[in-house]
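K.L.:
Before we start, here is the structure in question, set down as structure tokens.
Protein chains: 2
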Amino acid sequence: MMTGNERKVGLRERTRQAVTREITETANALFIERGYESTTIDDIAEAVGMSRRSVFRYFSTKEDLVLGKLAFSGQEVVEQFRNRPADEPVWESLREVFRLIAPAVDNLDKDAVAAPMQRVIFSTPSLLAAYLGMQQGLQDAIMNEIRDRAARRGAPYPKSDPFPRAVAAAAFGCLVAAQQTWLEDEYDETFAKAIDEAMDAVAAASGRAG
Amino acid sequence: MMTGNERKVGLRERTRQAVTREITETANALFIERGYESTTIDDIAEAVGMSRRSVFRYFSTKEDLVLGKLAFSGQEVVEQFRNRPADEPVWESLREVFRLIAPAVDNLDKDAVAAPMQRVIFSTPSLLAAYLGMQQGLQDAIMNEIRDRAARRGAPYPKSDPFPRAVAAAAFGCLVAAQQTWLEDEYDETFAKAIDEAMDAVAAASGRAG
DNA sequence: GCAACAAATGACACCTGGTGTCAATAGTGT
DNA sequence: ACACTATTGACACCAGGTGTCATTTGTTGC
């Protein structure tokens with residue numbers, strides 16, 4: 441309420457954010473220009489005019505410089521999923537959640553940084569691995585949500601039922617596949633469309649199975 | 441034909457293989473005992489009685505000590521897939537291929553090393569990430585096979601069609617999910633069963649979608 | 001069996017990502 | 001203005017890898 445309170449965001453925090461931004465921007469520019477692996481932290485530190493140690497104070501790992509500021513956050517996805525009606529089929533819930541984050545991706549194709557950075561990720565094995573590792577963590581969170589939701593409806597999955605894990609894994613597989621497709625030069629639809637196509641593809645392909 | 445020819449596998453190669461085995465065994469024992477990250481290459485080198493440099497001559501990265509000798513090889517999976525009839529639905533082909541590699545996994549639960557090593561992989565973030573990265577490479581190979589197969593049948597996918605990638609991603613997602621399920625203490629079915637359950641789960645979940 | 005060649009090894013120096021420590025400095029609340 | 005605390009640079013250190021070189025040890029032709 442107190443309007444005088446807003447000035448509490450002191451100089452300290454503001455400079456911190458400013459520096460954080462400057463580092464990511466400088467780093468991303470270098471990554472795009474010379475590649476991730478051939479850009480050292482020293483290069484970045486020098487380019488931004490600070491010590492190596494200080495760069496590590498803002499970003500605890502080199503990967504964070506890339507993966508820390510992705511278009512959508514994991515928390516967001518989990519929360520959106522939790523807000524879905526409990527009686528909605530899981531596959532549809534996931535589709536809707538992915539659709540909600542899609543605009544964040546679509547709105548960055550004009551951005552000269554984010555799309556190229558995605559390319560950097562997918563073309564750098566160690567980064568791709570780290571990215572997939574993150575996804576796996578998210579998947580796990582979603583799996584737990586799927587379990588919770590079923591339990592809340594009074595029909596919990598047995599501990600040894602692979603259903604929640606498998607569905608989450610397949611859906612996130614679609615997400616990544618859609619992302620890669622969307623990045624191809626030939627593809628000129630929206631990211632949301634790519635997700636739909638990917639998830640429909642899986643439905644169609646697995647459909648004949650009993 | 442010439443029986444005298446077999447001795448061509450000289451001492452050199454034999455010792456090389458012997459040393460390779462000894463290193464992996466020693467390393468894996470240490471990984472299982474003290475964890476992957478808290479075991480250094482120096483520890484391994486010392487335990488096996490050689491220099492750090494020489495360990496790196498047998499395994500170019502620490503990860504290779506774990507991921508180099510997985511139960512099934514990528515090549516194998518791709519070839520098995522290629523041998524499937526071209527008119528078989530892709531999802532079924534993948535299921536069959538996975539079933540073929542399943543026994544290799546099932547036969548190792550008696551092995552005191554391989555199953556614990558899988559646990560090490562799934563509980564060490566950096567290793568899991570590397571593993572997923574490998575999977576992604578395999579997925580890409582399979583995607584190409586899917587494309588080839590369709591092209592051979594005279595109905596190639598457009599370059600921008602996410603179908604092959606999405607289906608491959610979902611199937612491998614099931615594979616990993618099955619693997620994780622199979623590793624749980626509560627699960628006491630075969631790995632093949634876990635794969636079936638996972639793939640059926642996805643079919644069921646995505647079924648309602650248009 | 002011996003000389004000539006190639007592979008394997010250890011020792012050493014070096015690069016890169018990442019962490020702990022410490023003294024100096026600069027922002028903050030009173 | 002003053003005590004308090006966060007931020008910084010400098011430095012030392014660890015672990016994963018790589019390049020190099022001299023030495024040893026299998027291999028091969030004679």
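In order, the protein sequences belong to chains F and V. If you count by the working numbering, then the first sequence holds residues 441 to 650, one letter each, in order. If you count by the working numbering, then the second sequence holds residues 441 to 650, one letter each, in order. We treat Cβ as the ideally placed atom computed from N, Cα and C, and that holds for glycine.
(1) Please state whether DSSP places F/K601 in a helix, a strand or coil.
(2) From V/V518 to F/Q520, what distance separates their C-alpha atoms?
(3) Distance, Cα to Cα, V/D483 vs F/A570?
(4) Rank F/R589, F/A485, F/I541 by C-alpha distance to the C-alpha of F/A526 and give the top, closest one.
(5) Identify each residue in the segment 505-521 of chain V for which the Cβ-Cβ distance to at least one residue of chain F is less than 8 Å, and report them in chain order.
(6) Rounded to the nearest angstrom, what separates V/R499 and V/E629 at their Cα positions?
(7) Can you list the residues of chain V that F/P525 reaches, using a CB-CB cut of under 7 Å?
(8) Can you tell me which of the three DSSP states F/M583 falls into?
(9) Where does F/R559 sit, in a helix, a strand or coil, going by DSSP?
(10) Along chain F, which residues have their Cβ under 9 Å away from the Cβ of V/L578?
(11) At the 8 Å Cβ level, is V/T501 part of the contact set with chain F, yes or no?
(12) Under 8 Å, Cβ to Cβ, is there at least one residue of chain V near F/A544?
(13) F/F496 to V/T480, Cα distance in whole Å?
(14) For V/R478, which of helix, strand or coil comes out of DSSP?
(15) Take V/I472 as the anchor and find which of V/G508, V/K633, V/P596, V/I561 has the nearest alpha-carbon.
(16) What residue does the alpha helix (DSSP H) around F/P543 start on, and which one ends it?
(17) Using a Cβ-Cβ cutoff of 7 Å, what residues of the segment 600-626 of chain V are near chain F? List them in chain order.
(18) Does F/V632 have its Cβ less than 8 Å from a Cβ in chain V?
(19) List the residues of chain F that V/G475 touches, going by C-beta distances under 8 Å, in chain order.
(20) So which of F/A467, F/S563, F/P565 has the shortest CA-CA distance to F/R492?
(21) Using DSSP with H/G/I as helix, E/B as strand and the rest coil, what is F/L505?
(22) Against chain F, with Cβ distances strictly below 8 Å, would V/V530 count as a contact?
(23) Does chain V have any CB closer than 8 Å to the CB of F/L572?
(24) Along the chain, where does the alpha helix (DSSP H) that runs through F/A641 open and close?
(25) Could you say if the segment 537-547 of chain F and the segment 590-606 of chain F meet the contact criterion of at least three C-beta pairs nearer than 8 Å?
(26) Locate the alpha helix (DSSP H) running through F/G514, then write down its first and last residues.
(27) Can you list the residues of chain F that V/L568 reaches, using a CB-CB cut of under 7 Å?
(28) I need the DSSP call for F/G573, collapsed to helix, strand or coil.
(29) Use the C-beta contact count for F/A638: other C-beta atoms within 10 angstroms, 16 or more gives buried, fewer gives exposed.
(30) Could you spell out the range, first to last residue, of the alpha helix (DSSP H) harbouring V/V553?
(31) Step through the CB atoms of chain F and report whether any lies within less than 8 Å of the CB of V/P565.
P.N.:
Taking the definition as stated:
(1) Looking at the sequence provided, one finds Asp at residue 601 of chain F rather than Lys. The answer is coil: DSSP assigns F/D601 none of H, G, I, E or B.
(2) 37 Å
(3) 26 Å
(4) F/R589
(5) none
(6) Strictly speaking, residue 499 of chain V in this sequence is Phe, with Arg absent from that position. Between the alpha carbons of V/F499 and V/E629 lies a distance of about 34 Å.
(7) None at all; the shortest Cβ gap to chain V is about 15 Å.
(8) F/M583 falls in the helix class under three-state DSSP.
(9) helix
(10) Those do not exist, as V/L578 stays about 13 Å from chain F at its closest Cβ, beyond 9 Å.
(11) Any Cβ of chain F closer than 8 Å to the Cβ of V/T501 would place that residue at the interface, and such an atom is absent.
(12) Chain V contact via Cβ: absent.
(13) 23 Å
(14) The sequence given here has Ser at residue 478 of chain V, not Arg. Of the three classes helix, strand and coil, the one that applies to V/S478 here is coil, per DSSP.
(15) V/I561
(16) 530-546
(17) S600, P602, F603, R605, A606, V607, A609, A610, F612, G613, C614, V616, A617, A618, Q620, T621, E624, E626
(18) Checking the sequence, you will find Ala at residue 632 of chain F rather than Val. No, no contact with chain V.
(19) None at all; the shortest Cβ gap to chain F is about 17 Å.
(20) When each option's Cα is compared against that of F/R492, the closest is F/A467.
(21) helix
(22) Yes, its Cβ sits closer than 8 Å to a Cβ of chain F.
(23) yes
(24) 631-647
(25) no
(26) 514-522
(27) G573, Q576
(28) DSSP places F/G573 in helix when its eight states are reduced to three.
(29) buried
(30) V/V553 -> no alpha helix (DSSP H), and no H or E assigned at all.
(31) Interface criterion met: the Cβ of V/P565 is under 8 Å from a Cβ in chain F.
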